[in-house]
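Enquirer: The listed protein sequences correspond, in order, to chains A and B. Position 131, counted from 1, in the first sequence is what the numbering used here calls 158; the numbers after and before it change by one each time, with no gaps. Position 128, counted from 1, in the second sequence is what the numbering used here calls 144; the numbers after and before it change by one each time, with no gaps. All C-beta atoms, glycine included, are put in the ideal place defined by N, C-alpha and C. Keep in mind the model is a prediction, meaning the values are calculated, not measured. I'd like to ask you about the structure that follows.
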Amino acid sequence: MPSLTELNKLVLNAFLNKNQKKMRKVNDIVLDEATIEFSPELYSLAVVSYALSKILSKPRYYQSQYREGFKRIEQVLRHMLRVSRDRKKYRNALDNLEESILNLESADRRYVKSLMDKGKLKMAAILYAQGVSLGLASEVTNIPQQEIMDYAGKTMMFDRMKEAVPLYMRKKMAKRMLEGEK
Amino acid sequence: MTYVLCDSSSLISLTGACLEGMLYFLHEKHKVRFMVPQSVVEESVNRPLSMKSKIYSFSALRIKDLINDGVVEVTDVEVMEDTRRLLKEANNIFFARGKPIHLIDLGETEMLAAAHELQVPNLLMDERTTRMLIEGPPLLRSHLEKELHVNIMVNRPNLQKFADYAKGMQVIRSCDAAVIAYENGYFKSFQDMEKQAAEAALYKIKFSGCSISFNEIAEYVRGL
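Next comes the structure, spelled out in structure tokens:
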């Protein structure tokens, strides 16, 4: 069971190595831990690791104009590592990281939705796919249920779990409820 | 006359698919009374209407319209005590590494408590986790194990309490309701495209978030 410090170290290493694939793997681990631990810090770390993996995957972010932004993210990640045992300081550092990511993106914005918002939605949808309810996924990520449903409806998540009630039974229930048939 | 309690997810996917007319149709034709607890109004109407982004405002207004037209009634049944107890039990059924897995939230639990209090066992719900908790907790457990890559332990007494509470509750989804609406002529105005329209509607509801698989839709389509 990796600790918050260890997970933070994994995020920092993936970022320093500019390894997008590794960052996505770290993101998977962080999100699994977040579901089990039910920790807001881990949810936030999952969101930022997703956003960072997207940044690492885009060649345009390796241009010189983004060098300062990269440096700032690295500094905040290092700071997070130092304060990972202090929840309050860690939360502040997470907010700083979120701001640094938004700043990096704002230099040349391509989408209406920011990378952080995209990350939040993606994490909410994954939580729902993992088995957390829609309402809870919405509550912990602060993403509206409508948005999660929109996203989830276009994935295969409902094909990945067996149904407990066969379809003919469900139709029978629907008929009874909606037509008053016994 | 039958009563059907709806959750936010079913109203969201129906309005998202522009198919809330189905509820008017079933309400008029079979005198079905659709009901929602106050928390559903909060989640599906008030919250999206208060958002800075107007992306879900229209869907929220359509739900509000359903309520204003009396097709969906808001119940003010008081179930806070039951809700809190049930929430605690439901979120202490499955354990990973000795820690309880939080599965459902206050709104979803309130809906179950309202169904219990009002003795309305008919639920219209497109959300998957709460439905699986009612219908097939062992399947939900194996799913969690597969997704989280850990062993999931079950607190049997809490599972039993939850099962006793939800006993007799039956859940249908918007897609199931759409099939019944089709059989009752809801898509008749499409004339020779009636079947095609029903099929397209099923896919549209799925893409709007209803928890139905492609296989189930295919099975429904074969029977249209």
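(1) Are the beta-carbon atoms of A:Ala151 and A:Ile175 separated by less than 8 Å?
(2) B:Met38 and B:Tyr202 - do their beta-carbons sit closer together than 8 Å?
(3) I need the straight-line Cα distance from A:Ser66 to A:Val110, nearest angstrom please.
(4) Around the C-beta of A:Tyr178, are 16 or more other C-beta atoms found within 10 angstroms, so that it is buried, or is it exposed?
(5) Taking the Cβ atom as the reference point for each residue, do B:Val136 and B:Met51 lie within a distance shorter than 8 Å?
(6) Does the CB of A:Lys181 have a neighbour CB from chain B at under 8 Å?
(7) Helix, strand or coil for B:Thr18, going by three-state DSSP, please let me know.
(8) In the DSSP output, what is B:Lys115 paired with across the bridge?
(9) Please determine if the region 33-49 of chain B and the region 158-168 of chain B are in contact, where contact requires at least 3 C-beta pairs separated by less than 8 Å.
(10) Under 8 Å by Cβ, that's how I've got B:Leu119 and A:Val159 pegged, so tell me the actual separation to the nearest angstrom.
(11) Give the secondary structure of B:Val136 by DSSP, where H, G and I count as helix, E and B as strand, and everything else as coil.
(12) Over what stretch of residues does the alpha helix (DSSP H) that includes B:Thr99 continue unbroken?
(13) With 16 other CB atoms within 10 Å as the buried threshold, where does B:Val170 fall?
(14) Tell me which residue opens and which closes the beta strand (DSSP E) that B:Arg49 is part of.
(15) Using only CA atoms, which one of A:Arg112, A:Val75, A:Tyr88 lies nearest to A:Glu33?
(16) Which chain B residues are close to A:Ile63, counting only those with a beta carbon under 8 Å from its beta carbon?
(17) Which residues in the same chain have their Cβ closer than 6 Å to the Cβ of B:Ser9, if we skip the five residues on either side of it in sequence?
(18) Residues of chain B with CB closer than 7 Å to the CB of A:Arg197, please, in chain order.
(19) Whole angstroms are fine: how far does the CA of B:Glu89 sit from the CA of A:Leu124?
(20) For the region 139-150 of chain A, list every residue whose C-beta sits within 8 Å of some C-beta in chain E, in sequence order.
(21) Our contact map puts B:Leu65 next to B:Glu36 with C-beta atoms below 8 Å; I'd like the distance itself, whole angstroms only.
(22) My guess is that A:Ser80 and A:Arg51 are in contact by the Cβ rule of under 8 Å, so how many angstroms apart are they, rounded?
(23) Using the three-state DSSP reduction, which class does A:Gln102 fall into: helix, strand or coil?
(24) Taking A:Leu131 and A:Tyr93 to be in contact with their CB atoms under 8 Å, please state how far apart those CB atoms are, rounded to whole angstroms.
(25) Identify the residues that DSSP records as bridge partners of B:Thr91: which are they?
(26) Could you give the first and the last residue of the continuous beta strand (DSSP E) run that contains B:Ile168?
(27) Quick check: what's the CA-CA separation for B:Arg78 versus B:Phe41?
(28) Does the Cβ of B:Asp180 have 16 or more other Cβ atoms within 10 Å, making it buried, or fewer, making it exposed?
(29) Pull out every residue of the region 68-88 of chain A whose Cβ sits closer than 9 Å to any Cβ of chain B, in chain order.
(30) Should B:Gln207 go down as buried or exposed, given a rule of 16 or more other Cβ atoms within 10 Å for buried?
Expert: Considering the structure as presented:
(1) As a position in the first sequence, residue 151 of chain A is number 124, starting the count at 1. As a position in the first sequence, residue 175 of chain A is number 148, starting the count at 1. It is a contact, given that the beta carbons lie within the stated cut-off.
(2) To locate residue 202 of chain B, count along the second sequence from 1; it is residue 186. To locate residue 38 of chain B, count along the second sequence from 1; it is residue 22. With contacts defined as CB atoms closer than 8 Å, B:Tyr202 and B:Met38 qualify as a contacting pair.
(3) Here residue 66 of chain A is taken as the residue at index 39 of the first sequence, counted from 1. Here residue 110 of chain A is taken as the residue at index 83 of the first sequence, counted from 1. Their backbone Cα atoms lie some 16 Å apart in a straight line.
(4) Taking the first sequence and counting its residues from 1, the one referred to as residue 178 of chain A is at position 151. It is buried - the Cβ of A:Tyr178 has at least 16 other Cβ atoms within 10 Å.
(5) Sequence index remark: in the second sequence, residue 136 of chain B carries index 120 (1-based). Sequence index remark: in the second sequence, residue 51 of chain B carries index 35 (1-based). If you check the CB distance, B:Val136 and B:Met51 come in under 8 Å.
(6) By one-based count along the first sequence, residue 181 of chain A stands at place 154. Yes, its Cβ sits closer than 8 Å to a Cβ of chain B.
(7) By one-based count along the second sequence, residue 18 of chain B stands at place 2. In the structure shown, B:Thr18 sits in coil (DSSP, three-state: anything other than H, G, I, E or B).
(8) By one-based count along the second sequence, residue 115 of chain B stands at place 99. Looking at the DSSP assignment, B:Lys115 forms a beta bridge with B:Ala112.
(9) Result no; under three Cβ-Cβ pairs closer than 8 Å.
(10) In the second sequence, the residue the question calls residue 119 of chain B occupies position 103. In the first sequence, the residue the question calls residue 159 of chain A occupies position 132. At roughly 6 Å, the Cβ-Cβ gap stays under 8 Å, so B:Leu119 and A:Val159 are in contact.
(11) For the purposes of this step, residue 136 of chain B is taken as residue 120 along the second sequence, with counting starting at 1. Of the three classes helix, strand and coil, the one that applies to B:Val136 here is coil, per DSSP.
(12) Taking the second sequence and counting its residues from 1, the one referred to as residue 99 of chain B is at position 83. Residue range 96-106 is occupied by the alpha helix (DSSP H) that includes B:Thr99.
(13) For the purposes of this step, residue 170 of chain B is identified with residue 154 of the second sequence, where counting begins at 1. B:Val170 is exposed by the Cβ-count criterion.
(14) Start at 1 with the first residue of the second sequence, and residue 49 of chain B comes out as number 33. Counting along the chain, B:Arg49 sits inside the beta strand (DSSP E) bounded by residues 49-53.
(15) Along the first sequence, read from residue 1 onward, the residue named residue 33 of chain A stands at position 6. It is A:Arg112.
(16) For the purposes of this step, residue 63 of chain A is identified with residue 36 of the first sequence, where counting begins at 1. Chain-ordered, the chain B residues with CB closer than 8 Å to the CB of A:Ile63 read Ala112, Arg113, Lys115, Ile117, Leu164, Val166.
(17) The structure shown has nothing for residue 9 of chain B, since chain B only spans 17 to 240.
(18) Position 170 of the first sequence, counted from the start, is the residue given in the question as residue 197 of chain A. Near A:Arg197 (Cβ distances below 7 Å), the residues of chain B are Ile188, Asp192.
(19) Along the first sequence, one-based indexing puts residue 124 of chain A at 97. Along the second sequence, one-based indexing puts residue 89 of chain B at 73. One C-alpha to the other measures close to 45 Å.
(20) In summary, chain E is missing from the structure at hand, where the protein chains are A and B.
(21) Along the second sequence, read from residue 1 onward, the residue named residue 65 of chain B stands at position 49. Along the second sequence, read from residue 1 onward, the residue named residue 36 of chain B stands at position 20. Taking a contact as a CB-CB distance under 8 Å, the pair B:Leu65 and B:Glu36 does not count as one, their CB atoms being some 16 Å apart.
(22) If you number the first sequence from 1, residue 80 of chain A lands on position 53. If you number the first sequence from 1, residue 51 of chain A lands on position 24. About 5 Å; that satisfies the 8 Å criterion.
(23) For the purposes of this step, residue 102 of chain A is taken as residue 75 along the first sequence, with counting starting at 1. Helix at A:Gln102.
(24) Here residue 131 of chain A corresponds to residue number 104 of the first sequence, with the count starting at 1. Here residue 93 of chain A corresponds to residue number 66 of the first sequence, with the count starting at 1. Indeed, because the Cβ distance is near 6 Å, the residues count as touching under 8 Å.
(25) Residue mapping note: residue 91 of chain B aligns to position 75 of the second sequence, counting from 1. In the DSSP output, where bridge partners are listed per residue, B:Thr91 has B:Pro53.
(26) Indexing the second sequence from 1 puts residue 168 of chain B at position 152. From DSSP, the beta strand (DSSP E) with B:Ile168 extends over 168-170.
(27) Stepping through the second sequence from its first residue, residue 78 of chain B is reached at position 62. Stepping through the second sequence from its first residue, residue 41 of chain B is reached at position 25. Distance between the alpha carbons of B:Arg78 and B:Phe41 is about 15 Å.
(28) Taking the first residue of the second sequence as 1, we reach residue 180 of chain B at position 164. Of the residues assessed, B:Asp180 falls on the exposed side of the cut-off, its CB having fewer than 16 other CB atoms within 10 angstroms.
(29) For the region 68-88 of chain A, which is checked against every Cβ of chain B, not one residue is closer than 9 Å.
(30) Position 191 of the second sequence, counted from the first residue, corresponds to residue 207 of chain B. It is exposed - the Cβ of B:Gln207 has fewer than 16 other Cβ atoms within 10 Å.
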